[in-house]
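Notes follow the structure.
Protein chains: 2
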Amino acid sequence: MTKATPIDAADRPRRRDAAATRAAILASARRAFAEAGYDGAGVREIAAGAGVTAMLVNRYFGSKEKLFAEVIAATMAAPTILTPQNLASPRLGETIARTLVEITRTGDTPLEGFLIMLHSASSKRAAEIGREQIEHGHQKTMASALRGALAPERAALILSMVAGIQVMRQMMGLPALAKAEPEALVKLLAPLFQQLIDGDTEASGR
Amino acid sequence: MTKATPIDAADRPRRRDAAATRAAILASARRAFAEAGYDGAGVREIAAGAGVTAMLVNRYFGSKEKLFAEVIAATMAAPTILTPQNLASPRLGETIARTLVEITRTGDTPLEGFLIMLHSASSKRAAEIGREQIEHGHQKTMASALRGALAPERAALILSMVAGIQVMRQMMGLPALAKAEPEALVKLLAPLFQQLIDGDTEASGR
DNA sequence: GATGAAAGTCTACAGGTGTAGATAAAATGA
DNA sequence: TCATTTTATCTACACCTGTAGACTTTCATC
Numbered sequence: 002m003t004k005a006t007p008i009d010a011a012d013r014p015r016r017r018d019a020a021a022t023r024a025a026i027l028a029s030a031r032r033a034f035a036e037a038g039y040d041g042a043g044v045r046e047i048a049a050g051a052g053v054t055a056m057l058v059n060r061y062f063g064s065k066e067k068l069f070a071e072v073i074a075a076t077m078a079a080p081t082i083l084t085p086q087n088l089a090s091p092r093l094g095e096t097i098a099r100t101l102v103e104i105t106r107t108g109d110t111p112l113e114g115f116l117i118m119l120h121s122a123s124s125k126r127a128a129e130i131g132r133e134q135i136e137h138g139h140q141k142t143m144a145s146a147l148r149g150a151l152a153p154e155r156a157a158l159i160l161s162m163v164a165g166i167q168v169m170r171q172m173m174g175l176p177a178l179a180k181a182e183p184e185a186l187v188k189l190l191a192p193l194f195q196q197l198i199d200g201d202t203e204a205s206g207r
Numbered sequence: 002m003t004k005a006t007p008i009d010a011a012d013r014p015r016r017r018d019a020a021a022t023r024a025a026i027l028a029s030a031r032r033a034f035a036e037a038g039y040d041g042a043g044v045r046e047i048a049a050g051a052g053v054t055a056m057l058v059n060r061y062f063g064s065k066e067k068l069f070a071e072v073i074a075a076t077m078a079a080p081t082i083l084t085p086q087n088l089a090s091p092r093l094g095e096t097i098a099r100t101l102v103e104i105t106r107t108g109d110t111p112l113e114g115f116l117i118m119l120h121s122a123s124s125k126r127a128a129e130i131g132r133e134q135i136e137h138g139h140q141k142t143m144a145s146a147l148r149g150a151l152a153p154e155r156a157a158l159i160l161s162m163v164a165g166i167q168v169m170r171q172m173m174g175l176p177a178l179a180k181a182e183p184e185a186l187v188k189l190l191a192p193l194f195q196q197l198i199d200g201d202t203e204a205s206g207r
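Chains as they are written, first to last, in the working numbering: chain U, 2 to 207; chain L, 2 to 207.
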């Protein structure tokens with residue numbers, strides 16, 4: 002046998018380097034959390050993925066909870082489809098839809114933070130950490146960029162739709178979505194997103 | 002203090018009744034799974050909620066996994082907002098939106114099956130059970146009731162939106178949604194659902 | 001009232017969890 | 001080359017998990 006099941010550059014007996022080890026643990030944790038959620042991913046498993054021992058994880062991050070918080074913060078900070086500059090695009094609805102469909106098809110990383118959060122939402126503490134990050138990292142940013150009434154609600158609904166699609170397509174693997182023609186989904190979703198972005202119609206009229 | 006924390010009719014030393022005990026366990030399990038998910042809810046906890054011992058749970062249901070499957074089947078079978086007869090309504094979009102908003106506000110039971118599934122989606126086995134139920138209990142029913150092209154995809158997207166709102170409003174507790182004016186959310190959501198129901202616009206035009 | 005079956009509980013096990021403290025190995029300084 | 005500090009591991013501990021087998025209590029029927 003070669004080794005255990007190491008990740009990336011962790012297969013060679015990495016030279017003692019605190020920063021690199023920390024990064025390796027963070028990367029392994031990110032992957033493990035995305036796959037199994039907060040409760041499902043064990044510290045020993047995360048450590049093994051980074052090529053170290055479980056105890057080192059706590060030594061670097063204090064506790065599993067703090068490690069999770071840092072992973073969430075890191076993944077949420079990465080640029081996603083929901084960046085402010087994207088909000089300037091004219092056909093933003095289609096952009097969001099297309100990116101979302103593509104990401105949920107390939108399981109790409111830009112929305113990994115969201116996925117981790119969804120997988121971990123059953124844990125109360127993890128949900129709390131995730132909500133904080135979503136609220137400050139996405140919802141408020143989007144809301145301030147949207148014009149018109151009910152901006153916070155509209156922003157939150159956009160995030161809800163993203164979350165819903167991720168749940169059904171990536172987590173549940175609902176065949177109708179998982180095997181759907183990507184372009185067809187984009188055509189269906191684009192006007193929905195656009196509608197929430199514009200916030201037109203009877204949003205003001207009572 | 003009265004007793005421990007029993008449920009419903011389990012506070013009085015229930016007369017020995019297999020059917021009633023089974024039902025009590027099922028009810029307790031339903032509540033526990035909805036709150037903590039498959040992994041989060043323990044057999045002992047479920048049993049305590051029904052006023053029995055953990056071993057009795059396995060005696061009645063074989064295993065935790067089988068108990069979960071039965072809970073899911075029961076909650077999914079209950080009538081929800083997504084029933085076929087509702088699909089005949091003219092302003093169905095608004096009906097769905099209003100019901101969804103109301104249910105996610107009060108935490109009412111009609112969508113509890115969905116909530117359980119979302120909380121349990123991190124467990125692979127639980128997700129598999131849930132997907133099967135969703136697919137056959139909702140998605141296919143809806144799809145066959147929808148007219149026009151891409152019916153399966155549109156049905157799945159409606160379910161995705163329901164799931165997304167539940168996640169953000171009930172599980173994450175995103176303030177912008179949790180504290181939003183119900184009627185405002187309905188006004189925002191109704192046209193989105195209606196659009197997926199009608200399936201009009203450029204769905205056919207390429 | 002005794003008997004047999006049903007309903008429920010007790011004890012226990014093997015495995016897993018996160019984490020604390022002491023210990024070993026490697027790198028860096030003198 | 002020796003000493004010191006950093007980096008990483010070993011051992012261990014409480015606790016919790018789902019579940020199996022033996023045991024005790026209650027009920028219904030003869």
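Even glycine gets a Cβ: it sits at the ideal position worked out from N, Cα and C.
In the three-state DSSP reduction, residue 199/U falls in the helix class (H, G or I). The Cβ neighbour count for residue 76/L, taken over all protein chains shown within 10 Å, is at least 16; the residue is labelled buried. In this structure residue 169/U is in contact with residue 161/L, their Cβ atoms being roughly 4 Å apart against a cut-off of 8 Å.
Distances from the alpha-carbon of residue 188/U to those of 180/L, 185/L, 150/L and 167/L put 150/L closest. Straight-line measurement puts the Cα of residue 78/L at about 18 Å from the Cα of residue 23/L. For residue 166/L, the chain U residues whose C-beta falls within less than 8 Å of its own C-beta are 158, 161 and 165, listed in chain order. By a beta-carbon distance limit of 8 Å, residue 140/U does not contact residue 186/L. Their separation comes to about 15 Å. The alpha-carbon of residue 55/U is positioned some 52 Å away from that of residue 200/L. The continuous alpha helix (DSSP H) containing residue 67/L extends over residues 65–78.
Interface with chain L (9 Å Cβ-Cβ cutoff): residue 50/U is excluded. Of 101/L, 152/L and 91/L, the smallest CA-CA separation from residue 112/L is found for 101/L. Annotation for residue 45/U: the continuous alpha helix (DSSP H) segment containing it runs 44–51. Residue contact with chain U for residue 112/L: absent (no Cβ-Cβ distance below 9 Å to any residue of chain U). With its beta carbon less than 9 Å from one in chain U, residue 135/L belongs to the interface. Taking a contact as a CB-CB distance under 8 Å, the pair residue 58/L and residue 26/L counts as one, their CB atoms being some 6 Å apart. Against chain U, the beta carbon of residue 176/L has neighbours under 9 Å at 132, 136, 140, 153 and 157, listed in chain order. Closest option to residue 74/U, judged by alpha-carbon separation, among 28/U, 20/U and 198/U: 28/U. Using a CB distance cut-off of 9 Å, residue 197/U counts as an interface residue toward chain L. In terms of beta-carbon proximity, residue 190/L lines the interface with chain U, with at least one pair separated by less than 9 Å.
Taking a cut-off of 8 Å on C-beta distances, the segment 122–142 of chain L does not touch the segment 127–145 of chain U, as fewer than three cross pairs fall below it. With distances taken between CA atoms, residue 163/U lies nearest to 94/U out of 152/U, 148/U, 94/U and 48/U. Interface annotation, residue 45/L: not in contact with chain U, CB-CB separation never under 9 Å.
Taking a Cβ-Cβ threshold of 9 Å, none of the residues of chain U is close to residue 77/L; the smallest such distance is about 13 Å. Contact note: residue 124/U reaches chain L through 41, using a C-beta cutoff of 8 Å and chain order.
For residue 186/U, the neighbours in chain L by C-beta distance under 7 Å run, in chain order, 154.
Rounded to the nearest whole angstrom, the C-alpha separation of residue 47/L and residue 21/L is 15 Å. Chain-order list of chain L residues neighbouring residue 38/U: 123, by C-beta distance under 7 Å. Residues 163, 164 and 167 of the same chain have their beta carbon placed closer than 7 Å to that of residue 115/L, with the five preceding and five following residues left out of the count. Counting only runs of 4+ residues, the alpha helix (DSSP H) found wholly inside the segment 151–182 of chain L occupies 152–167 and 176–179, in chain order.
No residue range can be given for residue 137/L, since it is assigned to no alpha helix (DSSP H) and is classified by DSSP as neither H nor E. Against chain U, a Cβ distance below 9 Å from residue 147/L picks out nothing, because the smallest value is about 12 Å.
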